[in-house]
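Below: one structure, written as structure tokens.
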Amino acid sequence: MERLKFDVPKMDCGAEEQLIRMQLGDRSDVLRIACDLSSRTVDVVHNGAADEIERAFASLNLGASLVDREPVETLEPSDDDRRQRQTLISVLAINASLFVVEMSFGLIAGSMGLVADSLDMLADASVYGLGLYAVGKSSGHKRAVARISGWSQLLLAALGIFEVVRRFAGTEQEPISWLMIAVSILALAGNVASLILLQRARSNEAHIRATSICTSNDVLVNLGVILAGILVYATSSKLPDLVIGAAVFALVAYGAVRILKIASARTA
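The C-terminal residue of the sequence shown carries number 267 in numbering that gives the first Met the number 0, and the numbering is unbroken.
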């Protein structure tokens, strides 16, 4: 067996990590894949031909380069998979619940910021739910589910942006600012709880680290919606809500495009 270490400068978040796992996961000669998002490196333990794995990385166009290799006699014990799975299920349950709450109250309050934030929660839940669902499945199965997830999110984001434009040009009143702020504070508390759960997992595995990064980004979105609610109250204008809504819908669309890239990637 041999451990290969790759420097992958374009591995920015969980989407690229999933892309790498899809590319290499079905290879019988690949025994373990460990990604470190903070240093943008990937360790691959294999018992086959190293040049074939290098070609597989090159086909992903992530700028990967082999920086180290060493023989290994035995695989080190893996992290507690059951604990990681339970943590991810808890975080996904929080995200799914927040999606329902924010979508419901976003429609009641007439807030595009809350509706967009709810779709961002749904996007995160679908990405990591896909990761849990696809364990042990074939690459073709993973890609089929990823396509459904990506196109669904892209459609919802497009409809959201269309609604923002319609409301900007229309005569709708400003959203209910206090409801925007209250629900966003609840969502913020949920995301903070998710981060605490992820930190307690004490895992360096990529899917846990990726979830932490995306949840941290959700916290920033929550703060943005709270600020928009305050500005709506202070100015009696719908514009701050529409601006934050458009920004988050664009973020959801970008995430959907990344998922579709994963789904369309060709294996080596």
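Cβ atoms here follow ideal geometry from the backbone N, Cα and C, with glycine treated the same way.
Checklist line | residue 70 - partner residues in DSSP beta bridges | finding: The residue given as residue 70 occupies position 71 in the sequence shown. Looking at the DSSP assignment, residue 70 forms a beta bridge with 1.
Notebook entry, point to check: residue 95 to residue 164, Cα distance in whole Å?
Noted result: Walking along the sequence shown from the start, residue 95 turns up at place 96. Walking along the sequence shown from the start, residue 164 turns up at place 165. CA-to-CA, the gap between residue 95 and residue 164 works out to about 27 Å.
Notebook entry, point to check: DSSP state of residue 64, grouped into three classes?
Noted result: Stepping through the sequence shown from its first residue, residue 64 is reached at position 65. The three-state reading of DSSP puts residue 64 in strand, counting E and B together.
Note to self: To test your reading of the DSSP string, which unbroken beta strand (DSSP E) runs of 3 or more residues are found completely within the region 13-47?
What the structure shows: DSSP runs (the beta strand (DSSP E)) wholly in the region 13-47: 29-35, 40-45.
Check: By Cβ distance, which residues of its chain are closer than 6 Å to residue 203, with the 5 residues on each side in sequence left out?
Finding: Reading the sequence shown from its first residue, position 204 is the one you call residue 203. Unreliable positioning characterises residue 203 in this predicted model, as indicated by a pLDDT of 49, which lies under 50. A coordinate reading is not provided.
Notebook entry, point to check: Under the three-state reduction of DSSP, which class applies to residue 6: helix, strand or coil?
Noted result: The residue labelled residue 6 in the question sits at position 7 within the sequence shown. In this structure, residue 6 counts as strand in the three-state DSSP scheme.
Next item on the list: Please name the residue, chosen from 171, 162, 223, 253, that lies closest to residue 182 on a Cα-to-Cα basis.
Entry: As a working note, residue 182 is residue 183 in the sequence shown. Ranking 171, 162, 223, 253 by Cα distance to residue 182 puts 223 first.
Check: Leaving out five residues before and five after residue 275 in sequence, what residues of the same chain have Cβ atoms less than 7 Å from its Cβ?
Finding: Not covered by the structure: residue 275. The range shown for the chain is 0 to 267.
Notebook entry, point to check: Can residue 196 and residue 99 be called in contact, C-beta distance under 9 Å?
Noted result: Translated into the one-based positions of the sequence shown, residue 196 becomes position 197. Translated into the one-based positions of the sequence shown, residue 99 becomes position 100. Between residue 196 and residue 99, the CB-CB gap reaches or exceeds 9 Å.
Check: Considering only residues of the same chain and omitting the five flanking positions on each side of residue 152, which have a CB-CB separation below 8 Å?
Finding: Against the sequence shown, residue 152 aligns to sequence position 153. Sequence-distant Cβ neighbours of residue 152 in its own chain, meaning closer than 8 Å and more than five residues away, are 118, 121, 122, 125, 251, 252, 254, 255, 258.
Check: Would DSSP call residue 85 helix, strand or coil?
Finding: Within the sequence shown, the letter at position 86 stands for residue 85. If DSSP states are grouped into helix, strand and coil, residue 85 belongs with the helices.
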